[in-house]
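What follows is one structure encoded as structure tokens, with my remarks underneath.
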Amino acid sequence: MINFHGIGEASRPYEAGERPFWISRHEFLNVLDLVRSNSDVVDFKLTFDDGNSSDYEIAAQELRKRSLEASFFVLAGKFQQPGYLTQTQVRELAGEGFQIGSHGLNHVDWTGADDRELADELSGSKSILEEVVGRPVASAAIPFGLYDRRVLNALRRAGYRDVYSSDGSARLSKAWPTPRYSVQGGLDAGRLVETVRHGRLFDRLNNELRLRVKASLSRSIVRRMKQLGR
Ligand SMILES: [Zn+2]
Numbered sequence: 010m011i012n013f014h015g016i017g018e019a020s021r022p023y024e025a026g027e028r029p030f031w032i033s034r035h036e037f038l039n040v041l042d043l044v045r046s047n048s049d050v051v052d053f054k055l056t057f058d059d060g061n062s063s064d065y066e067i068a069a070q071e072l073r074k075r076s077l078e079a080s081f082f083v084l085a086g087k088f089q090q091p092g093y094l095t096q097t098q099v100r101e102l103a104g105e106g107f108q109i110g111s112h113g114l115n116h117v118d119w120t121g122a123d124d125r126e127l128a129d130e131l132s133g134s135k136s137i138l139e140e141v142v143g144r145p146v147a148s149a150a151i152p153f154g155l156y157d158r159r160v161l162n163a164l165r166r167a168g169y170r171d172v173y174s175s176d177g178s179a180r181l182s183k184a185w186p187t188p189r190y191s192v193q194g195g196l197d198a199g200r201l202v203e204t205v206r207h208g209r210l211f212d213r214l215n216n217e218l219r220l221r222v223k224a225s226l227s228r229s230i231v232r233r234m235k236q237l238g239r
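Using my numbering, the letters of the sequence shown map in sequence onto residues 10 to 239.
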């Protein structure tokens, strides 16, 4: 999974540590083209965090041109703020078939939030988004990729089924939350796509192997039981 933040320049002040996660339009198009040309081999998943206006102004158009799907994890507490997606834009993206998930309300570290704030961030953002898009929202991307057991339990309790971190590694099918590669400026798009491609291939092989081992184990158990029963 490849995760993007902003594309181009933000039309608002950057948050601390945010700047490196903005990539140029050129870098973005490079990644998309590589994803597109490899999509017959590997099923890439693309996500966008933070609900920046560039999701609507740049990303959605370019995704559409290449018939690529994506999920947008938006900040339900920032719809009125400059530089962020508005409710109307989020509704439009959802209407076009893009997935909308929660990134919380105000972009805070969930591990540092008290129980009340955490509940607002998770359940509060969920109900706002469901109201905006008119359908259930059951996916969330964890801000800053910071989580602990309490955060994961709260996510489950709030009804999130699909949860994404920023742990850059291959997706292992059973992993929860699902790891993602976060794209940074100055990236080597070819290398990134290769890494993800290999990760996905590795995961697929791994699964096939596991299934095969399971199947042959159960076959041998059945055989053994038959022998015993004889
Ligand atoms: Zn974020």
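Glycine included, every Cβ here is placed at the ideal spot set by N, Cα and C.
{"Check": "In the DSSP assignment, what residue or residues form a beta bridge with PHE82?", "Outcome": "ASP58, GLY110"}
{"Check": "Tell me whether ASP59, by its Cβ, gets closer than 7 Å to a heavy atom of ligand 1.", "Outcome": "yes"}
{"Check": "Answer yes if the region 148 to 167 comes into contact with the region 97 to 104, meaning at least three C-beta pairs across the two stretches below 8 Å, and no otherwise.", "Outcome": "no"}
{"Check": "Given 7 Å as the limit, tell me if PHE13 has its C-beta closer than that to any heavy atom belonging to ligand 1.", "Outcome": "no"}
{"Check": "How is PHE37 classed by DSSP in three states: helix, strand or coil?", "Outcome": "helix"}
{"Check": "Find out if the Cβ-Cβ distance for the pair VAL83, GLY60 is shorter than 8 Å.", "Outcome": "yes"}
{"Check": "For GLY15, which residues from the same chain have a beta carbon less than 6 Å from its beta carbon, with the 5 sequence-adjacent residues on both sides left out?", "Outcome": "TRP31, ASN61, SER63"}
{"Check": "How many angstroms separate the CA atom of ARG125 from the CA atom of VAL141?", "Outcome": "23 Å"}
{"Check": "Considering only C-alpha positions, which residue in the set VAL231, VAL205, ILE137 is nearest to PHE53?", "Outcome": "VAL205"}
{"Check": "Going along the chain, which residues of its own chain have a beta-carbon closer than 8 Å to the beta-carbon of ASN47, five neighbours each way excluded?", "Outcome": "PHE53, VAL202, ARG206"}
{"Check": "In whole angstroms, give me the CA-to-CA distance for ARG200 and PHE37.", "Outcome": "14 Å"}
{"Check": "Quick test of the definition: if touching needs 3 or more C-beta pairs under 8 Å, does the region 104 to 118 touch the region 152 to 166?", "Outcome": "yes"}
{"Check": "Among residues of its own chain, excluding the 5 on either side of ILE137, which ones have a beta-carbon nearer than 6 Å to its beta-carbon?", "Outcome": "ALA85"}
{"Check": "How far does the alpha helix (DSSP H) with ARG171 in it reach, from first residue to last?", "Outcome": "Looking at the sequence provided, one finds Asp at residue 171 rather than Arg. Per DSSP, ASP171 belongs to no alpha helix (DSSP H); it is in the beta strand (DSSP E), 171 to 173."}
{"Check": "Could you tell me the alpha carbon to alpha carbon distance between TYR93 and LYS87, rounded to whole angstroms?", "Outcome": "6 Å"}
{"Check": "Just mark ILE11 as buried or exposed, buried being the case when its beta carbon has 16 or more other beta carbons within 10 Å.", "Outcome": "buried"}
{"Check": "Using 10 angstroms around the beta-carbon of LYS235, count the other beta-carbons present and answer buried if the total reaches 16, otherwise exposed.", "Outcome": "exposed"}
{"Check": "My guess is that ARG75 and LEU41 are in contact by the Cβ rule of under 8 Å, so how many angstroms apart are they, rounded?", "Outcome": "6 Å"}
{"Check": "Any chance you could list the beta strand (DSSP E) runs of at least 3 consecutive residues sitting entirely within the region 125 to 161, in chain order?", "Outcome": "148 to 150"}
{"Check": "With DSSP as the reference, label LEU53 as helix, strand or coil.", "Outcome": "First, the residue type needs correcting, since residue 53 is Phe and not Leu in the sequence shown. Three-state DSSP puts PHE53 in coil, outside helix and strand."}
{"Check": "Just to confirm my understanding: we take GLU18, look at its own chain, exclude 5 residues before and 5 after, and list those with CB closer than 8 Å. What are they?", "Outcome": "TRP31"}
{"Check": "Indicate the three-state DSSP secondary structure (helix, strand or coil) for ASN47 in the structure shown.", "Outcome": "helix"}
{"Check": "Return the CA-CA distance between PHE190 and GLY143, expressed in angstroms with no decimal places.", "Outcome": "First, the residue type needs correcting, since residue 190 is Tyr and not Phe in the sequence shown. Rounded to the nearest angstrom, the two C-alpha atoms are 30 Å apart."}
{"Check": "Do THR187 and ASP171 have their CB atoms nearer than 8 Å?", "Outcome": "yes"}
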